[in-house]
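Take a look at the structure set out below.
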Amino acid sequence: MRKKTLSEIAENFKNNKEISDQIIKWHTIEPKEAVYAPLPSSVHPDLIKALERRGIGQLYAHQAEAYEAVMKGESITAVTPTASGKTLCYNLPVIQQIMNDHHSRALYIFPTKALAQDQKTELNELLELAEASINSYTYDGDTPAGIRQKVRKAGHIVITNPDMLHSAILPHHTKWVSLFENLKYVVIDELHIYRGVFGSHVANVMKRLKRICKFYGSDPIFICTSATIANPKELAEKLTGNRMQLIDRNGAPSAKKHFVFYNPPIVNHQMNIRRSATLEVRRIAGILLKEKIQTIVFARSRVRVEIILTYLQELVKNELGPKSIRGYRGGYLPTQRREIEKGLRTGDVYGVVSTNALELGVDIGQLQACVMTGYPGTIASAWQQAGRAGRRQGEALIIMVASSSPLDQFVIQHPDYFLEASPETARINPENIIIMLDHLKCAVFELPFERDELFGDIDPVDLLEYLTEERVLHFSSDRWHWMNDAFPAHNISLRSASQENVVIIDQSQTAAHKVLGEMDRFSAMTLLHDEAIYLHQGVQYQVEFLDWEEKKAFVREVEVDYYTDANLAVQLSVLEEDKSAETESAIASYGDVSVRAMATIFKKIKFDTHENIGSGPIDLPEAELHTSAAWFSLKEELHDMTDERIEQGLIGAAHALKAIVPVYVMCDPQDIQITPQVKAVHNQLPTIFVYDRYPGGIGLSEKVYESGSNLIDEAAMLVSGCRCENGCPSCVGTEISFTGGKKDAYALLKLFSEAMERKHDES
Amino acid sequence: MMSLKKKLDRMKPHLKQQHADKPVQGTDALPHMDLWKSNDTDLFVSGDQYCLIREVHFPLDYKHGHYKLEAFKHAVEAWNNVNFNHSLSAKGFAAEDLFFFDTETTGLSGTGTSIFLLGYARVDKDKIIVKQHILTDPANEVALYLSFLENVDYEMLVTFNGKSFDWPQVKSRHTLIRKHVPKLPETGHFDLYHASKRLWKSSLNSLKLKSIEEKKLGFERKDDIPGYLAPAIYFDFVERKHPEGMLKVLEHNEKDILSLITLYTHISFQLLGTDESQNSKEKLETGKWFKKEGVSNLSEKYLTDSYEMDQNPSAAFHLAFEHKKQHQYPQAITLWEISLEKGLPKEQRESAIEIAKLYEHHLKDFKNAYLFAMQAIKALDTEDLKNERKQKILGQIKHRLNRISRKMSGNNPK
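Protein sequence lines correspond, in order, to chains A and B. For the record, in the first sequence the residue sitting at position 452 is 454 according to the working numbering, with numbers rising by one throughout. For the record, in the second sequence the residue sitting at position 183 is 676 according to the working numbering, with numbers rising by one throughout.
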């Protein structure tokens with residue numbers, strides 16, 4: 003029997019009532035022709051030859067634009083969707099420069115080791131074709147000691163990650179003289195990853211890098227590439243301190259795309275519980291695969307990937323054979339990836355089931371269809387996943403299957419918001435005092451600090467004096483000198499803000515305990531308590547023992563169908579109010595707060611149904627956090643509402659905000675905390691606090707305040723648009739016992755939104 | 494916005510507390526010069542920077558541990574009179590060419606760790622001169638290196654772990670001020686830590702200089718400050734400028750340097766065969782070392798001496814390879830049988846394999862080859878190896894056994 007084409011299947015989906023009833027929106031994106039530009043005449047003949055051998059006779063417009071700008075000496079940020087040939091945006095000018103001047107050096111920075119490996123392979127292939135004697139090496143924890151010296155002295159292109167730059171390269175810069183003296187380019191790939199705490203750290207690492215470059219007399223050009231975010235230029239400028247030329251007129255072609263929003267049917271009307279997204283994905287992907295449509299399925303966790311993979315292999319094993327559908331997880335070696343890639347090209351592989359690992363730049367070629375199991379969390383990553391489908395010819399089908407989570411339900415019921423909204427803004431706050439102080443220490447360790455020297459554009463004299471008082475630095479002859487026997491970079495992890503981190507140790511294998519990562523203490527109280535389920539790169543671990551004194555959490559890999567949610571008894575006090583706006587009935591403010599928190603109990607919540615299936619106590623001391631917050635208070639007594647109703651309304655409103663805030667400020671839901679208080683300490687009014695989960699704040703709550711009424715209106719829409727009767731996990735949560743709670747939550751959100759509107763009127 | 498200062502006060506609970514006892518004050522004049530001078534130390538001034546230099550002389554008959562310092566001169570003479578090569582050989586050098594060097598630093602490696610004391614000793618005719626250059630303030634590093642580089646004119650650096658620590662650190666700090674000071678000289682380098690490791694790794698629990706002094710050089714320190722306190726003493730000196738603590742550090746560093754002289758002398762006598770008290774283990778390690786150096790006649794001599802001294806099975810193990818090389822298979826087998834019985838677990842396994850190889854390839858006795866290969870499996874069992882490694886070796890032995898059985902049954906494809 004003839005297999006159906008993609009457009010025939012799409013037609014089928016539209017006509018099959020069982021499927022079409024669940025489709026909230028069918029959005030078609032028209033195809034786009036490629037915009038080419040000739041290879042610039044200045045490109046070295048050997049390089050032209052190499053490109054031609056690869057079948058590249060001309061460039062996409064954005065690649066040419068990037069090349070010309072860099073050749074003119076400008077730092078650039080190229081916004082490059084999936085599969086638009088972003089690597090040429092930097093490889094072309096870099097190789098060109100080194101071919102012209104063999105002393106030139108370049109530093110490539112990738113967020114992970116795996117990506118660095120991947121890029122090295124690709125880069126070396128191009129260098130071989132060009133028959134260029136250009137050395138490119140990765141320099142990371144896996145680089146053998148024997149070749150490190152060679153990398154330092156003779157590596158034209160050094161490929162590394164920010165952590166390695168921070169802890170191994172910069173503190174030992176005197177071993178890298180030939181790199182720093184001749185550094186022409188710094189390439190920062192996957193720019194959009196550098197947001198939040200991580201980005202704030204990396205911005206400081208860049209300040210240190212530039213200081214060292216200046217010492218050795220170099221002034222490198224920065225070349226950044228980013229997925230689509232709202233503020234690529236701003237982020238790149240904040241991260242590197244260089245003015246950037248934005249290159250965002252993408253010349254790569256794209257196919258006609260169908261973007262389908264699919265909401266599984268409701269199975270329990272009263273509780274508003276929908277059919278599991280996993281099962282729906284199985285059905286939809288099964289239809290596609292049986293017709294031999296090459297399909298990529300995304301799932302949020304590794305466990306989910308395994309489940310869907312097993313389902314699908316079972317489903318099509320007679321038609322296609324089990325090897326035709328492959329799993330793809332983070333941590334795959336380049337060779338394994340090449341095998342899958344090759345299989346996709348030759349047609350031996352039809353389906354790939356992947357975690358979000360694939361979002362990060364790794365190129366496995368283009369497929370025909372993409373199925374997302376749930377909304378991936380941010381608009382940017384949704385588009386990146388969608389970008390995996392779409393060849394130059396033909397059409398592409400992208401289906402987003404929503405789960406029951408409030409965020410998914412919000413997105414699926416407001417597809418226009420998703421399609422029209424500008425993508426998220428990536429926020430960093432390099433001036434976070436704790437982060438900056440850490441890096442200032444490293445900076446002085448690396449080179450004495452001059453009296454009038456700026457750190458980036460900040461005058462750090464107060465901090466340097468503080469460090470002098472603490473006897474970490476010594477001031478003499480107009481310079482601050484390092485005067486301590488510690489190695490500061492070792493105590494500072496770029497992936498978290500607090501210094502006293504809890505180390506997470508995996509003891510799944512008795513003989514080989516390994517460190518999974520670190521977490522700041524404040525977050526550890528609710529995420530790493532005994533019996534907590536901790537997710538790391540999509541893998542579930544259970545905490546067996548949290549050693550609070552020694553700052554260690556011992557975990558073991560498990561597979562369970564629930565997650566844990568800890569209750570934090572929080573007391574908030576306002577330290578300083580920086581901004582404020584008000585109406586007759588509500589006040590919105592932004593400023594610094596002190597959070598005193600104590601973890602009390604935790605609950606085990608079943609996936610999908612959100613049932614509470616167990617609980618236990620948490621026995622940990624109180625912790626204090628100073629951070630920034632936005633807060634919303636109800637000014638006047640609401641005569642028609644009892645205290646109880648206000649309390650329940652606040653809880654419901656907070657639940658809805660919790661779903662909306664991460665979308666708006668582009669952060670991990672764990673980065674931001676939302677706490678309702680019936681009587682806030684500072685004004686005795688019912689208040690909802692939204693605060694950054696990291697000491698000193700990283701700019702998230704400031705963004706909440708700045709987003710103004712829009713954000714709160716969205717939360718209100720989430721509540722009013724939900725089809726449940728009296729509140730459900732998808733809107734105001736299940737903690738509300740009061741029948742009118744949902745309406746009250748909506749009313750409160752509307753009052754806050756009006757206050758926020760006033761802010762705009764005033765400004 | 495709050496000022497940084499205000500924010501800082503608020504954030505203090507989140508910052509790691511360091512002890513804040515005394516405020517730091519910059520100072521231009523160095524107090525207590527009289528005390529310094531009475532301790533053989535004087536000022537070196539260059540432009541607006543200065544450092545201190547301490548200089549002490551020792552007569553050649555001064556005894557440090559088992560040896561008088563003049564024994565070092567004898568060692569250099571002896572090296573010049575032998576006709577074999579060794580990486581620690583002073584052949585072609587005069588005693589004056591060697592430069593015994595040790596530093597004190599503010600911490601472990603990394604650009605921010607500064608060297609506050611550069612100490613060295615060298616022979617000058619009838620005496621040993623010890624000089625120590627002291628950084629009085631971190632801002633005066635240029636003066637420290639200028640004074641140091643004025644004084645260094647030598648061929649061979651002698652250090653204890655200087656190849657991976659002291660000298661790279663000197664290079665690192667030098668790089669920071671390289672525009673203001675002359676280049677560092679290119680020289681040879683004897684690292685006595687690596688030499689000590691070769692000789693005594695299997696017999697000493699600790700290879701710290703202090704342990705080697707006690708166990709091998711006959712030198713015991715009295716009232717010595719432990720090296721790990723040196724950074725704290727220096728930080729205190731930078732603040733208060735009082736010499737008392739630093740004088741202790743200088744004394745500690747001076748002893749380190751004198752011990753380098755004695756240690757080089759002692760190791761040379763080990764290698765030159767003039768140490769009467771050399772024990773069997775040292776002879777074994779000396780023999781192995783000469784093998785690495787490519788001096789096989791001396792390797793064989795020391796291994797034989799070690800074996801004859803107390804039938805040291807490890808010596809038998811290594812000696813057997815020399816016999817094999819000279820095609821003396823029965824002697825090799827006899828020696829490997831000894832190490833198979835009494836050697837270390839790894840030596841037992843390797844002995845069995847070596848015997849099996851000789852039977853299989855040279856004596857064509859497949860039955861014995863098979864039996865010894867089987868013994869290798871038994872020996873492997875007692876070894877403390879990672880399972881993965883064990884399985885790999887086991888695979889190799891099984892491969893060997895299969896091949897031998899094929900040969901035994903005459904089915905050799907050849």
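Positions of the beta carbon are idealized from the N, C-alpha and C atoms, including for glycine. As the structure is a computational prediction, the values presented were derived from the model and not from experiment.
What does residue i reach in chain A if we use C-beta pairs closer than 9 Å?
i, result
"residue 631/B", "450, 476, 478, 479, 481, 483, 484 and 485"
"residue 664/B", "176 and 177"
"residue 600/B", "484, 486, 487, 488 and 489"
For residue i, does the three-state DSSP call read helix, strand or coil?
i, result
"residue 494/B", "Its pLDDT being 48, under 50, residue 494/B is placed unreliably in this model, and the value from its coordinates should be taken loosely. Coil, per DSSP."
"residue 1/A", "Residue 1/A lies beyond the range of chain A shown here (3 to 765); nothing can be said about it."
"residue 531/A", "coil"
"residue 733/A", "coil"
"residue 600/A", "strand"
"residue 656/B", "helix"
"residue 457/A", "strand"
"residue 621/B", "strand"
"residue 40/A", "strand"
"residue 659/A", "helix"
"residue 873/B", "helix"
"residue 671/A", "helix"
"residue 619/A", "strand"
"residue 912/B", "Nothing can be reported for residue 912/B, as the shown portion of chain B is limited to 494 through 907."
"residue 782/B", "helix"
Given that a residue counts as buried once 16 or more other Cβ atoms are within 10 Å of its Cβ, and exposed if not, what is residue i?
i, result
"residue 704/A", "buried"
"residue 897/B", "buried"
"residue 552/B", "exposed"
"residue 890/B", "buried"
"residue 779/B", "buried"
"residue 674/B", "buried"
"residue 518/B", "Caution is warranted here: a pLDDT of 35 is assigned to residue 518/B, below 50, making its placement in the model unreliable, and no coordinate value can be reported."
"residue 901/B", "exposed"
"residue 616/B", "buried"
List the residues of chain B whose Cβ lies closer than 7 Å to the Cβ of residue i, in chain order.
i, result
"residue 468/A", "501"
Mind listing the chain B neighbours of residue i? Cutoff is C-beta to C-beta under 8 Å, in chain order.
i, result
"residue 465/A", "497 and 501"
Residues of chain A with CB closer than 8 Å to the CB of residue i, please, in chain order.
i, result
"residue 605/B", "173, 446, 447, 448, 484, 489 and 490"
At 7 Å on the CB atoms, spell out the chain A contacts of residue i, in chain order.
i, result
"residue 668/B", "176 and 179"
"residue 680/B", "Here the premise fails: no neighbours, minimum Cβ distance about 19 Å."
Interfacial residues, the stretch 18–52 of chain A to chain B, with Cβ spacing under 9 Å: Sequence-ordered contacts of the stretch 18–52 of chain A with chain B are nonexistent [C-beta pairs closer than 9 Å].
The stretch 173–186 of chain A: positions lying closer than 8 Å to chain B by Cβ: Residues of the stretch 173–186 of chain A with a C-beta atom less than 8 Å from some C-beta of chain B are 173, 174, 175, 176, 177 and 179, listed in chain order.
Sufficient close CB pairs (3 or more, under 8 Å) joining the stretch 68–83 of chain A to the stretch 204–214 of chain A: Touching, no, given that fewer than three Cβ pairs across the two stretches are closer than 8 Å.
Three CB pairs or more closer than 8 Å across the stretch 753–773 of chain B and the stretch 664–681 of chain B: The stretch 664–681 of chain B and the stretch 753–773 of chain B do not touch, with fewer than three beta-carbon pairs separated by less than 8 Å.
Members of the stretch 719–750 of chain B near chain A, C-beta cut-off 7 Å: Answer set for the stretch 719–750 of chain B: 724, 728 and 731.
Members of the stretch 414–437 of chain A that neighbour chain B once the beta carbon cut-off is set at 8 Å: Those residues of the stretch 414–437 of chain A that come within reach of chain B (Cβ to Cβ, closer than 8 Å) are 435 and 436.
Interfacial residues, the stretch 198–215 of chain A to chain B, with Cβ spacing under 8 Å: Those residues of the stretch 198–215 of chain A that come within reach of chain B (Cβ to Cβ, closer than 8 Å) do not exist; the list is empty.
Any 3 or more C-beta pairs closer than 8 Å across the stretch 49–61 of chain A and the stretch 82–98 of chain A: Yes, the stretch 49–61 of chain A is in contact with the stretch 82–98 of chain A.
Touch test, the stretch 243–258 of chain A against the stretch 76–90 of chain A, Cβ-Cβ under 8 Å, three pairs minimum: Under the 8 Å Cβ criterion, the stretch 243–258 of chain A counts as touching the stretch 76–90 of chain A, having at least three qualifying pairs.
The stretch 11–20 of chain A / the stretch 227–247 of chain A touching (three or more Cβ pairs under 8 Å): The answer is no - the stretch 227–247 of chain A does not touch the stretch 11–20 of chain A, with fewer than three Cβ pairs under 8 Å.
Segment contact, 8 Å Cβ cut-off, at least three pairs: the stretch 520–540 of chain B with the stretch 592–611 of chain B: No, because fewer than three Cβ pairs between the stretch 520–540 of chain B and the stretch 592–611 of chain B fall closer than 8 Å, the two stretches do not touch.
Any 3 or more C-beta pairs closer than 8 Å across the stretch 150–162 of chain A and the stretch 125–141 of chain A: Yes, the stretch 150–162 of chain A is in contact with the stretch 125–141 of chain A.
At least three beta-carbon pairs within less than 8 Å, the stretch 719–726 of chain A to the stretch 656–663 of chain A: Segments in contact, yes.
Segment contact, 8 Å Cβ cut-off, at least three pairs: the stretch 864–880 of chain B with the stretch 835–848 of chain B: As far as the Cβ criterion goes, the stretch 864–880 of chain B touches the stretch 835–848 of chain B, which means the pair count is three or higher.
Cβ pair count under 8 Å reaching 3, the stretch 621–639 of chain A against the stretch 733–742 of chain A: Counting Cβ pairs under 8 Å, fewer than three are found: no touch.
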